[in-house]
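Inspection log for the structure reproduced underneath, given as structure tokens.
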Ligand code: PRP
Ligand code: URA
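Numbering (my numbering), first residue to last: 3 to 211.
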């Protein structure tokens with residue numbers, strides 16, 4: 003089973019409080035989501051491999067470590083996942099970014115795909131799927147399956163808030179995927195929104211409601 007990492011850093015807890023607050027407007031919401039994503043990125047990248055190279059300091063030659071191994075791909079699930087891209091790119095500037103467009107059907111809560119553009123070499127990349135909300139888990143599971151169907155095998159999922167139901171759904175469907183979360187909330191309501199959650203992440207990010 004993939005690991006589930008729930009962030010316990012005080013800065014993440016602090017910023018998540020203001021992300022949740024309904025009085026936080028779009029501009030600040032966007033900034034906070036970006037900041038939390040960058041802080042989470044620190045943990046998400048903890049297992050990256052290193053290799054030694056030789057450099058010269060102004061004093062002497064030395065061997066020192068740099069990131070090695072597979073290249074990274076960021077895959078935000080549109081729309082709300084877009085809010086997490088900049089923060090991650092601050093840490094991983096060489097990452098390529100693929101986009102998967104999914105929306106939840108308001109009646110069935112099932113994900114509907116409407117867009118996909120991925121780097122051509124996703125099977126060679128470590129992929130990090132980004133979406134602030136893991137509610138029923140339908141969108142994240144579908145996006146991960148989509149990537150696997152196109153040859154990807156090294157996939158992590160990063161979300162800000164998960165409902166226990168969604169977390170279990172993704173773990174059941176994709177036991178190989180490590181999941182990184184800022185918090186696991188209480189439950190889903192009858193509209194499949196996370197309680198207490200933060201409301202509709204896409205609307206709050208883009209000011210559409
Ligand atoms: C939200 C969110 C996730 C999905 C989570 O997107 O960003 O993608 O719902 O729900 P699930 O776990 O039940 O699938 P939404 O469909 O509202 O689209 P948007 O990002 O364009 O607003
Ligand atoms: N999508 C959201 O944006 N928020 C939720 O609480 C659930 C799904």
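Glycine included, each C-beta is placed from N, C-alpha and C at the ideal position.
For the ligand PRP, I want to know if residue i counts as a neighbour, meaning its beta carbon is within less than 6 Å of at least one of the ligand's heavy atoms.
{"i": "residue 79", "result": "yes"}
{"i": "residue 116", "result": "no"}
{"i": "residue 140", "result": "yes"}
{"i": "residue 82", "result": "yes"}
{"i": "residue 133", "result": "yes"}
{"i": "residue 168", "result": "yes"}
{"i": "residue 44", "result": "no"}
{"i": "residue 22", "result": "no"}
{"i": "residue 105", "result": "yes"}
Starting from residue i, trace the beta strand (DSSP E) both ways and give me its first and last residue.
{"i": "residue 179", "result": "It is not in any beta strand (DSSP E) - residue 179 carries neither H nor E in the DSSP assignment."}
What is the residue span of the alpha helix (DSSP H) that residue i lies within?
{"i": "residue 91", "result": "87 to 93"}
{"i": "residue 206", "result": "203 to 208"}
- For review: beta carbons within less than 5 Å of any heavy atom in the ligand URA: 135, 137, 195, 196, 199, 202 and 203
- Message: Using 8 Å as the cut-off, can you tell me whether the segment 154 to 173 makes contact with the segment 188 to 204, which would need three or more C-beta pairs spanning the two stretches below that distance?
- Response: yes
- Complete beta strand (DSSP E) runs within the segment 138 to 197 (minimum length 3 residues, chain order): 157 to 164 and 180 to 186
- Query: Can you give, in chain order, each stretch of the alpha helix (DSSP H) that sits fully within the segment 18 to 70 and has at least 4 residues?
  - Reply: 28 to 46
- Message: Under 8 Å, with one C-beta from each stretch per pair, do the segment 201 to 209 and the segment 74 to 86 reach the 3-pair mark?
- Response: yes
- Are there three or more Cβ pairs, one per stretch, closer than 8 Å when the segment 171 to 183 is compared with the segment 11 to 22? no
- Would you call the segment 105 to 116 and the segment 149 to 168 in contact, with 3 or more CB pairs under 8 Å? no
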